[in-house]
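So the sequence shown is numbered by this note's numbering: it starts at 1 and just counts up by one.
Backbone N, C-alpha and C fix where the C-beta goes; we use that ideal spot for every residue, glycine too.
This one's a predicted model, so the numbers in the text were calculated from it and none came from an experiment.
First up is the structure itself, then whatever we jot down about it.
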Amino acid sequence: MSAGFWAEEDEETSGYSGEVVRRLGRYLRPYAHLILATLAIVVVAALLQTAGPMIVREAVDGQIQQGRSDDLGVLVLAYLGTLLGVFVLFFVQAVLITYVTQRVLMDIRLQLFSHIQKMSIAFFDRNPVGRLVTRLTNDVSTIEEVLSQGLVEALYNVLVLIAIVGALFYLDWRLAIVMLVFVPGLVYFVRRFALALRDTFRSQRYWLARLNAFLNENITGMAVVQLFNRQGRNLRRFDGLNRSLLAANLRATFYYAAFEPAVVGFNAVTTAAIVWYGGGRAIDDALTLGTLIAFLQYMQRFYWPVRELSERLTNVQQALASCERIFGVLDEPEEIADDPAAEPLGEVRGAVEFRNVWFAYDAGNWVLRDVSFAISPGESVAIVCATGAGKTTLMNLLNRFYDVQRGEVLIDGRPVRRLRQRELRRQVGIVLQDPFIYTDTVAENIRLRDPSISMDQVVEAAKHVGADAFIRQMADGYQTHLAERGANLSTGQKQLIALARVAAFNPKIVLVMDEATASIDPETESALQGSLRRVMAGRTSVVIAHRLNTIRHATRILVLHQGRLVEEGTHAALLAQSGIYTRLYELQYKDQDAAAAG
1 MSAGFWAEED EETSGYSGEV VRRLGRYLRP YAHLILATLA IVVVAALLQT
51 AGPMIVREAV DGQIQQGRSD DLGVLVLAYL GTLLGVFVLF FVQAVLITYV
101 TQRVLMDIRL QLFSHIQKMS IAFFDRNPVG RLVTRLTNDV STIEEVLSQG
151 LVEALYNVLV LIAIVGALFY LDWRLAIVML VFVPGLVYFV RRFALALRDT
201 FRSQRYWLAR LNAFLNENIT GMAVVQLFNR QGRNLRRFDG LNRSLLAANL
251 RATFYYAAFE PAVVGFNAVT TAAIVWYGGG RAIDDALTLG TLIAFLQYMQ
301 RFYWPVRELS ERLTNVQQAL ASCERIFGVL DEPEEIADDP AAEPLGEVRG
351 AVEFRNVWFA YDAGNWVLRD VSFAISPGES VAIVCATGAG KTTLMNLLNR
401 FYDVQRGEVL IDGRPVRRLR QRELRRQVGI VLQDPFIYTD TVAENIRLRD
451 PSISMDQVVE AAKHVGADAF IRQMADGYQT HLAERGANLS TGQKQLIALA
501 RVAAFNPKIV LVMDEATASI DPETESALQG SLRRVMAGRT SVVIAHRLNT
551 IRHATRILVL HQGRLVEEGT HAALLAQSGI YTRLYELQYK DQDAAAAG
């Protein structure tokens, strides 16, 4: 794959601070009441968390130092109550924020998948499937980690820090200043740690994406790997990727391992300074023992939020980067959209016309040049040309997978641009070389969960194409679950199910790729050809031909050359012209004909 593709996985956002946060906020807005409740709980929890040392101070100075114990039990219960209160509040806020997070993620996934389904085929030409799956899975999961706890914990830690600093100055402003002298060094260290960890996370994501892609590609193509004895070479490449990922993971482990002792070191030095200075003041009776103990407890609690905030900052950066990538997909325009004034298709006769059509996948690189032809309802027409000369493009344009740059494609005299895509594609059936089989039952693979197609119609369609017999021999008949991509079916069986699918939807126009019967034995091919003829009977049919022996009996044959329609006629008439069709025919069959004649 190109370096550009992998570079995207290595990007951090640069301008996300405003717009990305605002857009994410739109998904949170419907749950504002739950978010406000969560924030209120966090504020109360932060206050309770900082109340403990004050209770300890009162117990030491007001009870123990005075030789009293009348209120000591109450203070102990109060201390335990704050701990229990924090536990209960955290449980409630975790439930609330998890609910909000899952609803938001569901909304994002639904909108993203819905948007992707509306994209033109050109969009999928530009974007590898793996990248789109990453947007729906990895990037959404990254957002989940931050929304579920990251932001709440970050807010909680900020509030705790503010409360602790306020409590420290309340207890003794001189000790507070002594402690804060060490804070700039800690902040600098934490910032450097966050930057180093961010770079390490980038490296981890990059190498993990490379490793996963390599595994996917080579496991999927294992037959080719073994056929060409590439196991050793692939193992060496995998080892290199694996070692690069190991190095990135070890760097992250090193930073984490170094961070904890460093923070503990800051804490120890600060504690020593406070004990030395505060202890001296306590000896001089300028400071009570309870105040010193409470101060030390607050100081111990000060460093944990700092550590947590440094990690949450990195997580937030990752989440916002994921948001930006997701929004980048959502911002892709719907290139092939229904016209607001799109007409209902109504009753279809099946007339097809290409009128002065020019088309290019890339600007200026014309695949079709001023192509014009008309097909009458019920007519069977074959289209022939060398590879890359535009056969498949005609099929894509008729389905409006792409829009033409010049000219018009019409059905029953109406431009396809003015028709509703859903209705248009319902009337254009396609038989591909490699039919797609879903991980579902046989019946649902035929009707594609369309509620308008009854089970009786499914069975009738299967009988019509000759698939009913083998389906009934399966373990659960029409309710048999098929493996991914039809792995538990033969090539011929997959084609029969694809033909039954076309028959069940009953389109007026059928497009056939003749490779659909090319990769099977002659006996099965003969049976499939009979099934194809039954599907095509009474319908306008266009056969995209690669093997010329399959189209000898077509009503008309259209010959494309370098994007232009250059010949038209029956098989016999075209052979008599000794033109391009004749040359293509001879290239394929002259050796076979000579052998037969001999």
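- For Thr540, the uninterrupted beta strand (DSSP E) run begins and ends at Thr540 to Ala545, by DSSP.
- Shown here, Gly429 sits in a strand according to DSSP, grouped into three states.
- With contacts defined by Cβ atoms closer than 8 Å, Leu410 and Val404 do not form a contacting pair.
- With 16 or more neighbouring CB atoms inside 10 Å of its own CB, Thr134 falls in the buried class.
- For Ile55, the enclosing alpha helix (DSSP H) begins and ends at Gly52 to Glu58.
- Ranked by Cα distance from Thr291, the options Thr220, Met536 and Phe169 are led by Phe169.
- For Asp468, the enclosing alpha helix (DSSP H) starts and ends at Asp468 to Arg472.
- Counted as a single uninterrupted DSSP element, the alpha helix (DSSP H) harbouring Val43 occupies residues Ala32 to Gln49.
- The C-alpha of Ile509 lies about 37 Å from the C-alpha of Gly328.
- Runs of the alpha helix (DSSP H) lying entirely within the region 310-367, each at least 4 residues long, are absent.
- Here Gly166 carries a helix assignment [DSSP, helix/strand/coil].
- By alpha-carbon distance to Ala167, the top candidate from Leu197, Arg301 and Ser69 is Arg301.
- Counting along the chain, no alpha helix (DSSP H) covers Gly569; the unbroken beta strand (DSSP E) around it starts and ends at Arg564 to Gly569.
- By the CB criterion at 8 Å, Ala319 and Thr137 fall outside the cutoff.
- In terms of Cα proximity to Thr491, the closest of Gln433, Glu335, Val306 and Ile162 is Gln433.
- As computed with DSSP, His481 is found in a beta bridge with Thr441.
- The beta-carbon distance between Glu58 and Leu75, rounded to whole angstroms, is 6 Å. This is short enough to meet the 8 Å contact definition.
- Listed in chain order, the non-local C-beta contacts of Tyr27 below 7 Å within the same chain comprise Val104, Asp107 and Ile108, local neighbours out to five positions each way being set aside.
- In this chain, Met513 is not harboured by any alpha helix (DSSP H); it is covered by the beta strand (DSSP E) spanning Ile509 to Met513.
- As summarised for the region 371-420, the continuous beta strand (DSSP E) elements at least 3 residues long and confined to that stretch are 380-384 and 406-411, given in chain order.
- If you check the CB distance, Ser531 and Leu496 come in under 8 Å.
- Judged by their CB atoms, Ile177 and Gln93 are not nearer to each other than the 8 Å cut-off.
- Annotation: Arg418 to Gly150 spans about 49 Å, alpha carbon to alpha carbon.
- Annotation: the continuous alpha helix (DSSP H) that includes Val86 extends over Leu72 to Lys118.
- If you ignore the 5 residues before and after Thr555, its C-beta comes within less than 7 Å of the C-beta of Glu379, Ser380 and Val381, all in its own chain and listed in chain order.
- Straight through space, the alpha carbons of Thr582 and Pro507 are spaced by roughly 33 Å.
- At a Cβ-Cβ threshold of 8 Å, Val20 and Glu324 count as neighbours.
- The DSSP-derived three-state label of Leu287 is coil.
- Secondary structure at Arg369: strand, using DSSP grouped into helix, strand and coil.
- Secondary structure of Arg449 (DSSP, three-state): coil.
- Between Asn218 and Val225, the alpha-carbon positions lie close to 7 Å from each other.
- Distance from Pro53 to Tyr255 at the Cβ level is roughly 31 Å; contact not present, criterion being Cβ atoms closer than 8 Å.
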